[in-house]
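> Attaching a single structure in structure tokens format; questions to follow.
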Amino acid sequence: MQIISCSHGKHIGKLIAKNLRMKHSYLNVSKFPDDELRVRFDLRLQNKDVVLVQSFYKNISDCIIEAILAAKTAHELKAKRIILVAPYFPYLRQDKRFLNGEAVSQEIIADLIGKYFDEVFVIDPHMHRTKKLQQIFKIKSAKITSNSLIADYIKHNIKNPMIIGPDEESYKWAKNVADTLGIESRILKKKRYSSYHVEVRLNKKIDLHNKNAVIVDDIVSTGHTILETAKILKKLKAKKIYCICIHGIFAEGALNKLEKAGIKVISTNTIPNKVAKIDVSVAIAEDFKK
Ligand code: R5P
107 MQIISCSHGK HIGKLIAKNL RMKHSYLNVS KFPDDELRVR FDLRLQNKDV
157 VLVQSFYKNI SDCIIEAILA AKTAHELKAK RIILVAPYFP YLRQDKRFLN
207 GEAVSQEIIA DLIGKYFDEV FVIDPHMHRT KKLQQIFKIK SAKITSNSLI
257 ADYIKHNIKN PMIIGPDEES YKWAKNVADT LGIESRILKK KRYSSYHVEV
307 RLNKKIDLHN KNAVIVDDIV STGHTILETA KILKKLKAKK IYCICIHGIF
357 AEGALNKLEK AGIKVISTNT IPNKVAKIDV SVAIAEDFKK
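Read in order, the letters of the sequence shown are residues 107 to 396 in this note's numbering.
Following this line, the structure appears as structure tokens:
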């Protein structure tokens, strides 16, 4: 098996290979003057199982094209199997036609990736109305969760925590982490009006006396969900407010805004950033060993 990091998988591909005691290399990626991508493998792939690691953040469209160019080329170079490890897989939130005429991007992007890869592993995919990866990918697919790593982080770093899920979709992470730790959790209600306008409210009273509130969610993008949740937790006199997310997208300076609001933010390293303290390469390697 050969583990190869694409341009947005470098921060984690090497760690996965180290955990598996396997060889690691990088996909050679550059751009032509007109902004088109050029990818090249520097090693022989014939008869090998090739694992391409690509996290789809920032220039997401480029990330997708790069992964497709690499997978198709690996196929032409006679790789045996071509596997995608996607620490962050994009477009999963657009899982229905919210407005007339809109693209259901989740299906389209999964379909496109599925045309070029034999198998895909996704870390904590955002699944809401679609329950399983198998419903969107026609190829073999598996999800890997970072829940136990998050629980472990809380156990060793945060005293007297109460886990808060900011919306119904977050229970898969918030409740699961709380259950693993054997502590309480509360899931709040959220109504989203637009990308920038969300309303979060309590559905039951929460006693946060002497407790550190730990908001657990899969994605932080603009940060509005967390900011609105933190407003409620402040009113409830939480000792300190933490936010632990899996995919720290932190669009448009979100991390700064959250820190300015007094929230201590921690994420996993599915997307590299300065608060990526939880290393999911361990969970990926464990899954591969199976
Ligand atoms: C959606 O339900 C996700 O779990 C997150 O809550 C959401 O993506 C966060 O987005 P934002 O940070 O822009 O509020």
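Built from N, CA and C at the ideal position, the CB exists for glycine as well.
1) With H, G and I counted as helix, E and B as strand and the rest as coil, what does DSSP make of Ala-185?
2) Using the three-state DSSP reduction, which class does Phe-394 fall into: helix, strand or coil?
3) Identify the continuous alpha helix (DSSP H) that holds Gly-119 and give its terminal residues.
4) Cβ of Pro-272 versus every heavy atom of the ligand R5P: is any distance shorter than 7 Å?
5) Quick one: what does DSSP say Cys-169 is sitting in, helix, strand or coil?
6) From Leu-175 to Ser-136, what does the alpha carbon distance come to, in whole angstroms?
7) Hey, out of Val-145, Val-326, Phe-223, whose CA is closest to Ile-372's CA?
8) I'd like to check one pair, Pro-267 with Ile-289: are the Cβ atoms closer than 8 Å?
9) Please name the residue, chosen from Asn-282, Ile-264, Gly-207, Val-283, that lies closest to Lys-317 on a Cα-to-Cα basis.
10) Does the distance from the CB of Val-283 to the CB of Ile-293 come in under 8 Å?
11) From His-234 to Trp-279, what does the alpha carbon distance come to, in whole angstroms?
Short version:
1) coil
2) Reduced to three states, the DSSP call for Phe-394 is helix.
3) 116-126
4) yes
5) helix
6) 12 Å
7) When only C-alpha atoms are compared, the closest one is Val-326.
8) yes
9) Ile-264
10) no
11) 12 Å
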